[in-house]
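Numbered continuously in this note's numbering, the sequence shown closes out at residue 311. Glycine included, C-beta positions come from ideal geometry on N, C-alpha and C.
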Amino acid sequence: MRIILARPRGFCAGVNVAIESLELAIRAFGTPIYVYHEIVHNTWVVQRFRDQGVVFVSDLEEVPEGAHLLYSAHGVSPEVRHKAAQRRLVIIDATCPLVTKVHAQAVRYARAGYTIVLIGHAGHDEVVGTMGEAAGSMLLVQAPEDVERLEIADPAKVAYLTQTTLSVDDAARIIRRLRKRFPQIVGPSRKDICYATQNRQEAVRRLCGEANVTLVVGSQNSSNSQRLAELARSAGVPTHLIDGAADIDPAWFQGDETVLLTAGASAPENVVQQCVTLLQQRFAARVETRTVCEEDVRFLLPKELRGRDEG
Ligand code: SF4
């Protein structure tokens with residue numbers, strides 16, 4: 001067996017900062033400490049923090065007044081921020097700056113009187129947060145067919161935004177339909193699908209043609225991991241989205257395959273390495289790392305934690 005280990009894969013800058021923020025917050029303020037929704041969409045990461053005394057909540061009523069609350073990488077709506085202020089919670093905002101940028105664009109377009117079409121997945125934490133920034137003037141589109149169903153009073157005043165972790169190809173299809181139906185539509189100069197999502201998809205696009213099987217390490221609720229699996233499947237490669245090595249079924253392999261191994265932006269590298277070890281032990285797999293592009297993106301810690309990372 002040959003393993004093609006895709007690079008880049010795994011943690012992005014936003015996830016790195018969110019995890020580091022929670023680690024620092026535990027050290028600085030102790031536990032229990034509260035996080036609104038999952039810190040990132042990964043079973044291992046969430047469980048590791050639960051074991052340390054972190055409490056993940058979906059309703060601020062669950063957080064005692066005055067306690068520390070961390071916002072996850074996916075961001076929150078103004079309504080959540082308002083409720084947190086009412087409960088006098090001490091906020092640590094680990095929202096990824098690339099999500100914050102989309103929020104700012106939503107506010108800008110809404111103030112300028114645009115109807116905003118958000119391309120994204122209903123119910124995803126990021127989409128809920130972004131839609132909350134301009135609740136009365138934002139419509140969600142999930143597929144090209146949805147574009148025809150849009151009812152917009154002033155077709156000359158329409159803008160679009162995208163969730164950061166979409167399929168680049170799906171988003172491009174929807175944007176083409178939007179441009180056709182609303183020729184005056186405006187949008188971000190560069191798509192808002194983030195660099196990490198784009199790079200991980202590009203690596204799978206370029207490498208999956210050499211593979212008989214693709215394994216994507218990531219949790220089922222991780223949007224960008226799901227998109228990686230879809231991309232490989234759409235290229236005709238049998239693909240499995242796995243949370244970790246225990247999900248690998250040896251019956252998927254004859255033992256002489258080329259396996260493309262990648263990981264979503266919230267999947268830890270040690271879990272990827274456990275998968276490599278299992279395939280090495282079971283199928284004497286040899287590993288070949290293939291780099292499609294270099295990443296050197298870093299984000300600052302939330303302002304509430306700056307200076308606490310030294311020593
Ligand atoms: S996937 Fe992109 S938008 Fe999401 S946390 Fe990572 S860098 Fe930020």
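Return helix, strand or coil for residue i, following the three-state DSSP convention.
i	result
TYR114	coil
MET138	strand
THR289	strand
THR277	helix
THR43	helix
GLY311	Because GLY311 sits at a pLDDT of 49, beneath the cut-off of 50, its placement in the model cannot be relied upon, and the following sentence gives the value as read from the coordinates. Residue state, collapsed to three classes: coil.
VAL168	helix
THR130	helix
ALA245	helix
ARG7	strand
PHE56	strand
VAL216	strand
Taking 8 Å as the cut-off, is the C-beta of residue i nearer than that to any heavy atom in the ligand SF4?
i	result
ASN224	yes
GLY14	yes
CYS208	no
TYR36	no
VAL99	yes
VAL40	yes
TYR71	no
Any beta-carbon of chain B closer than 9 Å to the one on residue i?
i	result
SER167	Absent from the structure: chain B. Only one protein chain is present.
Work out the CA separation of residue j and residue i for me, nearest whole Å.
i	j	result
GLY311	ASN42	Because GLY311 carries a pLDDT of 49, less than 50, the predicted location of this residue cannot be relied on, and no value is offered for it.
GLN163	ALA211	29 Å
MET131	LEU118	8 Å
ASN270	GLY255	23 Å
THR100	SER72	12 Å
GLU148	GLU230	24 Å
PHE56	LYS180	43 Å
ASP240	PRO8	For the sequence presented, residue 240 should be read as His rather than Asp. So the alpha carbons of these two residues sit roughly 19 Å apart.
ASP243	ASP169	25 Å
SER77	LEU279	43 Å
ARG205	ALA232	7 Å
The stretch 203-221 contacting the stretch 182-195, beta-carbon criterion three pairs below 8 Å: no
Contained alpha helix (DSSP H) runs [length at least 4] in the stretch 61-105, N- to C-terminal order: 78-86
Touch test, the stretch 35-52 against the stretch 278-292, Cβ-Cβ under 8 Å, three pairs minimum: no
Segments of 4+ residues assigned as alpha helix (DSSP H) that fall wholly inside the stretch 149-206: Within the stretch 149-206, the complete alpha helix (DSSP H) segments of 4 residues or longer fall at 168-181, listed in chain order.
Contact between the stretch 81-96 and the stretch 21-32 (3+ Cβ pairs under 8 Å): yes
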